[in-house]
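> In the numbering used here, the protein residues as written are 535 to 846.
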Amino acid sequence: MGSRLIGYGSYLPEHIMTNQDFERVMDTSDEWITTRTGIKQRHFARDDETVADMATIAAQRALDNAGLTIQDIGLIMVATTTPELDFPSVAVQVAGRLGAKNNVPAFDLRGACTGYIYALHCARGFFTAGMHRRIMIIGAEKMTRFIDMSDRSTAVLFGDGAGALIFEHSSSSYSGIIDTVVMSDGGAFDCLHGTPDHKISMNGPETYRRAVQCMPAAARYIMQHAGITSENIDWIIPHQANLRIIHSCAAHLDFPMDKILITVDRHANTSGASGVLALAYAFDNGIIKAGQLVLYPAFGSGLTWGAALIRV
Numbered sequence: 535m536g537s538r539l540i541g542y543g544s545y546l547p548e549h550i551m552t553n554q555d556f557e558r559v560m561d562t563s564d565e566w567i568t569t570r571t572g573i574k575q576r577h578f579a580r581d582d583e584t585v586a587d588m589a590t591i592a593a594q595r596a597l598d599n600a601g602l603t604i605q606d607i608g609l610i611m612v613a614t615t616t617p618e619l620d621f622p623s624v625a626v627q628v629a630g631r632l633g634a635k636n637n638v639p640a641f642d643l644r645g646a647c648t649g650y651i652y653a654l655h656c657a658r659g660f661f662t663a664g665m666h667r668r669i670m671i672i673g674a675e676k677m678t679r680f681i682d683m684s685d686r687s688t689a690v691l692f693g694d695g696a697g698a699l700i701f702e703h704s705s706s707s708y709s710g711i712i713d714t715v716v717m718s719d720g721g722a723f724d725c726l727h728g729t730p731d732h733k734i735s736m737n738g739p740e741t742y743r744r745a746v747q748c749m750p751a752a753a754r755y756i757m758q759h760a761g762i763t764s765e766n767i768d769w770i771i772p773h774q775a776n777l778r779i780i781h782s783c784a785a786h787l788d789f790p791m792d793k794i795l796i797t798v799d800r801h802a803n804t805s806g807a808s809g810v811l812a813l814a815y816a817f818d819n820g821i822i823k824a825g826q827l828v829l830y831p832a833f834g835s836g837l838t839w840g841a842a843l844i845r846v
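#1: For a quick check, are the C-beta atoms of L829 and I767 less than 8 Å apart?
#2: At least one CB of chain E closer than 8 Å to the CB of L539: is that the case?
#3: Would you decide whether M791 is buried or exposed? Buried here means 16 or more other CB atoms lie within 10 Å of its CB.
#4: Counting Cβ pairs closer than 8 Å, one from the segment 636-649 and one from the segment 568-587, do we hit at least three?
#5: When the Cβ atoms of the segment 716-724 are set against those of the segment 689-703, are three or more pairs found closer than 8 Å?
#6: Kindly provide the ranges of any beta strand (DSSP E) runs that are 3 or more residues long and lie completely inside the segment 703-737, ordered along the chain.
#7: Using DSSP's beta-bridge definition, name the partner residues of R538.
#8: Would you mind giving the Cβ-Cβ distance between I711 and L654, rounded to the nearest angstrom? I have them listed as a contact below 8 Å.
#9: Starting from the C-beta of T584, find all residues in its chain whose C-beta is less than 6 Å away, skip the five residues before and the five after it, and write them out in chain order.
#10: Quick one, are the C-beta atoms of S537 and F701 less than 8 Å apart?
#11: In three-state DSSP terms, what is D688?
#12: Taking all protein chains shown into account, decide if R743 is buried (16 or more other Cβ within 10 angstroms of its Cβ) or exposed.
#13: Give, in chain order, every unbroken run of the alpha helix (DSSP H) that is at least 4 residues long and sits entirely within the segment 640-698.
#14: Could you check what DSSP says for N803 in three-state terms: helix, strand or coil?
#15: Need the endpoints of the alpha helix (DSSP H) that I780 sits in, please.
#16: Suppose the cutoff is 6 Å on Cβ atoms and the five residues either side in sequence are ignored; what does the same chain contact list for D620 look like?
#17: So for I607, helix, strand or coil by DSSP?
Take a look at the structure:
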């Protein structure tokens, strides 16, 4: 059994933090941030706004987009690395807040910036096994919980938000989630990780080096496994971490930049929400059309990386 995408939704906090705002609170500049990252602005959640709050709004918008209610969903997965509570899961909170009465199974995945690829990988397996008719995947992060405003090298990189996708089983194996691959290397832990005091520790040069190797490798694996070439792909939605990384990955894959969706300039790095937010932005602005083939490569803390091929 295959799948097809039937609904999407997103949520971005109201407060926008621009590069000029950072200029007022630390030794940095719009030129410095833009040149090194491509980021111009990012959304910051309110102090009282939680990951579950944002995930619930995105989920409800996806349900509305699909013309469904929460009772129609057979499984909820939330990709997040920043939940405020150790338990219960954000996914269970979303189900409860939306009034689920069907005992829908719900759980979180912690794959960092690759989290939504891990969720797509799981969903593909569930559909192949015929276990669920409809699956909701949510990426939701409050990365600002980990921002150290005294560290200008990382503080400017991250933003908050949530996105949701709903997939339904299909007899076609060449629609929806067509193929996925996920990997990890725990031996590279020191490249990028959170600290016990909720800060971000990052070796920037080494993280960059690994990202521009691993994302293209995952993308090439997907294309080879699916028996396609870059010419068959309509859009690449890379993890939106850094514009320099995206440019380098495009060069490695010999992909023209006009086929690569860029949202890092407006959303910054939203970790596990990145790819879902980017797809929602593309749909809302008429950039990506139904029936097009989308390749999703991602890379994150862990280290984790992977890619997914989706026909939208």
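Glycine included, each C-beta is placed from N, C-alpha and C at the ideal position.
For clarity, every value in this text was computed on a predicted model and none was experimentally measured.
In short, the structure shows the following:
#1: Counted from its first residue, the sequence shown places residue 829 at position 295. Counted from its first residue, the sequence shown places residue 767 at position 233. Less than 8 Å divides the Cβ of L829 from the Cβ of I767.
#2: Within the model displayed, chain E is absent; a lone protein chain is all it includes.
#3: The sequence position of residue 791 within the sequence shown is 257, counting from 1. The residue is exposed, with fewer than 16 neighbouring Cβ atoms inside 10 Å.
#4: They do not touch, by the three-pair rule.
#5: Touching, no.
#6: As far as the segment 703-737 is concerned, its whole beta strand (DSSP E) runs of at least 3 residues are 710-718, 726-728 and 734-736.
#7: Numbered from its first residue, the sequence shown carries residue 538 at position 4. Paired residue(s): E702.
#8: As a working note, residue 711 is residue 177 in the sequence shown. As a working note, residue 654 is residue 120 in the sequence shown. Contact between I711 and L654 holds: their C-beta atoms lie close to 5 Å from each other, under 8 Å.
#9: Translated into the one-based positions of the sequence shown, residue 584 becomes position 50. Shown here for T584: same chain residues with a beta carbon closer than 6 Å to its own, the five before and five after excluded, namely E618 in chain order.
#10: As a first step, residue 537 must be located in the sequence shown, where it is residue number 3. As a first step, residue 701 must be located in the sequence shown, where it is residue number 167. Result yes, Cβ atoms of S537 and F701 sit closer than 8 Å.
#11: Counting from 1 along the sequence shown, the entry for residue 688 is found at position 154. Looking at the sequence provided, one finds Thr at residue 688 rather than Asp. In the structure shown, T688 sits in a helix (DSSP, three-state: H, G or I).
#12: Here residue 743 refers to the residue found at position 209 when the sequence shown is read from its first residue. Answer is exposed; the Cβ neighbour count stays below 16.
#13: Counting whole runs of 4 or more residues, the segment 640-698 contains the alpha helix (DSSP H) stretches 649-663 and 686-689.
#14: Along the sequence shown, one-based indexing puts residue 803 at 269. Here N803 carries a strand assignment [DSSP, helix/strand/coil].
#15: Along the sequence shown, one-based indexing puts residue 780 at 246. Unbroken alpha helix (DSSP H) run through I780: L777 to L787.
#16: Taking the sequence shown and counting its residues from 1, one reaches residue 620 at position 86. In its chain, beyond the 5 residues on either side, no residue has a beta carbon closer than 6 Å to the beta carbon of D620.
#17: On the sequence shown, position 73 is the one that residue 607 refers to. I607 falls in the coil class under three-state DSSP.
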